[in-house]
């Protein structure tokens with residue numbers, strides 16, 4: 100039988116307050132964050148542990164969450180990263196042979212509060228219409244009791260929330276010390292299967308702006324030796340490792356506020372074959388002189404259609420970003436678009452014509468989501484060998500080769 104849980108509330112800066120029930124960590128408190136939504140049908144554990152969600156209260160549009168529990172293998176970082184979690188219905192039972200814990204027990208141990216029992220469809224429609232909003236998720240008592248917090252007070256707190264613009268949240272999720280990435284992958288492999296590579300292992304320095312573990316796994320599976328450095332590593336620290344390539348990871352917050360990484364990328368421009376994903380895409384564009392803007396409600400989910408402008412092929416992609424690079428500013432900076440989003444026409448990828456640099460706004464490592472873009476890791480390895488950013492022909496060849504060994 101479902102357990103009776105205490106009331107909880109989600110207040111938005113526009114004055115809307117949703118009433119539901121708390122789960123996870125029910126210590127009386129209120130947490131602030133930008134309220135956003137994710138359309139993935141599964142993968143809630145990967146979403147919860149994705150460092151790119153730092154500073155956000157995440158809503159899942161899939162109506163039932165928690166039905167397959169959680170486990171230690173599907174983490175994308177060492178702990179839960181979201182500020183709060185919003186769902187329609189918490190599953191009473193978890194059923195999966197890999198499960199080691201129920202979702203609510205795991206969130207309780209992680210110190211993260213969730214709310215269910217609210218109309219997540221109405222919330223999502225509001226965010227789609229009016230844009231992402233700052234909000235407060237509260238497990239503290241409501242009106243009528245000692246120490247109670249009123250709905251109006253919660254709305255005022257939501258209005259006073261700092262939001263994401265201008266905030267460098269990368270400093271809170273990046274590794275603080277260099278590591279040499281090493282993990283026993285066991286039976287793990289990309290869903291398309293393994294592609295044989297030259298036995299030589301190119302060395303990649305990965306700047307950790309909030310890197311998902313599955314990105315590091317994919318770099319390793321591509322045959323790379325991976326050294327992970329903090330986001331603010333200066334050029335000298337990167338050069339000490341004598342890498343063959345530089346990777347810039349995903350991460351949270353406003354890319355324009357991550358000035359240390361941008362300065363490093365400016366100083367090393369054209370020096371190493373460089374590949375960026377998500378926030379890394381934005382940081383590389385800013386280092387070239389392009390501009391970024393805050394999106395109305397961002398792209399978050401596993402069903403975003405992206406077209407490769409060179410091959411004209413469409414990929415269904417996993418995405419998680421609330422900022423975007425403006426295409427006009429990118430072209431003025433000497434780079435060319437390679438991918439666009441077919442829903443809203445926003446930029447999803449670029450390459451530099453004379454420098455060995457390319458990047459994508461979406462997540463080729465997926466987790467959760469489709470694996471259509473896995474070939475881009477192979478393109479990075481090829482770029483380290485050729486010294487040229489991949490064009491349409493190289494991307495098409497890499498995609499065909501990866502798909503030819505699909506399972």
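Residue numbers (the numbering used here): 100 to 506. Backbone N, C-alpha and C define an ideal beta-carbon position, used for all residues, glycine too.
Who are the Cβ neighbours of residue i in its own chain at under 6 Å, not counting the five residues just before and after it?
i           : result
residue 331 : 359
residue 216 : 119, 120
residue 498 : 474
residue 298 : none
residue 235 : 110, 129, 131, 253, 256, 257
residue 142 : 467
residue 112 : 232, 233, 257, 258
Tell me the DSSP secondary structure of residue i in three-state form.
i           : result
residue 114 : coil
residue 431 : helix
residue 109 : strand
residue 414 : strand
residue 310 : coil
residue 377 : coil
residue 305 : strand
residue 457 : strand
residue 248 : coil
residue 359 : helix
residue 393 : strand
residue 331 : coil
residue 348 : coil
residue 495 : helix
residue 203 : helix
residue 46  : Here the chain covers residues 100 to 506 and nothing more, so residue 46 does not appear.
residue 227 : helix
residue 404 : strand
residue 100 : Low local confidence applies: a pLDDT of 45 at residue 100 is under 50, so the model's placement there is unreliable, with the coordinate-based value given in what follows. Here residue 100 sits in coil by DSSP.
residue 161 : coil
residue 477 : helix
residue 271 : helix
residue 441 : coil
residue 503 : helix
residue 180 : coil
residue 254 : helix
residue 214 : strand
residue 370 : coil
residue 145 : helix
Going by beta carbon distance, what residues of the same chain come within less than 7 Å of residue i, once the five residues before and after it are set aside?
i           : result
residue 72  : As shown, the chain starts at 100 and ends at 506. That puts residue 72 outside it, with no answer to give.
residue 480 : 296, 301, 321, 322, 323
residue 100 : Model confidence at residue 100 stands at a pLDDT of 45, short of 50, so the residue's coordinates are unreliable and nothing is read from them.
residue 115 : 225
residue 394 : 421, 422, 423
residue 410 : 491, 494, 495
residue 381 : 354, 391, 422, 424
residue 194 : 166, 167
residue 227 : 396
Within a Cβ cutoff of 8 Å, which residues of the same chain sit near residue i, ignoring the five residues on either side of it in sequence?
i           : result
residue 199 : 168, 169, 170, 171
residue 434 : 384, 387, 389, 449, 450, 451, 452, 456
residue 77  : As shown, the chain starts at 100 and ends at 506. That puts residue 77 outside it, with no answer to give.
residue 190 : 163, 164, 165, 166, 202
residue 106 : 118, 119, 120, 121, 241
residue 357 : 267, 269, 308, 330, 350, 378, 382
residue 178 : 148, 209
If you count every other CB in all the chains shown that lies within 10 Å of the CB of residue i, and 16 or more means buried, which is it?
i           : result
residue 225 : buried
residue 489 : buried
residue 184 : buried
residue 438 : buried
residue 223 : buried
residue 344 : buried
residue 176 : buried
residue 443 : exposed
residue 218 : exposed
residue 126 : exposed
residue 335 : exposed
residue 146 : buried
residue 311 : buried
residue 366 : exposed
Compute the beta-carbon to beta-carbon distance between residue i and residue j, rounded to the nearest angstrom, for a pair I have assumed lies under 8 Å.
i           : j           : result
residue 400 : residue 137 : 5 Å
residue 117 : residue 108 : 7 Å
residue 155 : residue 129 : Going by Cβ atoms, the distance from residue 155 to residue 129 rounds to 15 Å, so no, they are not a contact pair.
residue 349 : residue 397 : The pair is not a contact, with the Cβ atoms about 13 Å apart (cut-off 8 Å).
residue 180 : residue 212 : Not confirmed; about 14 Å, so no contact.
residue 124 : residue 144 : Their Cβ separation, rounded to whole angstroms, is 16 Å, which puts residue 124 and residue 144 out of contact at 8 Å.
Mind checking if residue i is an interface residue toward chain B, Cβ cutoff 7 Å exclusive?
i           : result
residue 379 : Chain labels in this structure do not include chain B; a single protein chain is all it has.
Three or more C-beta pairs below 8 Å linking the segment 483-490 and the segment 397-404: no
Any 3 or more C-beta pairs closer than 8 Å across the segment 416-424 and the segment 460-472: yes
Contact the segment 351-371 vs the segment 257-273: 3+ CB pairs below 8 Å: yes
Inter-stretch contact at 8 Å, needing at least 3 Cβ pairs: the segment 463-472 / the segment 422-432: no
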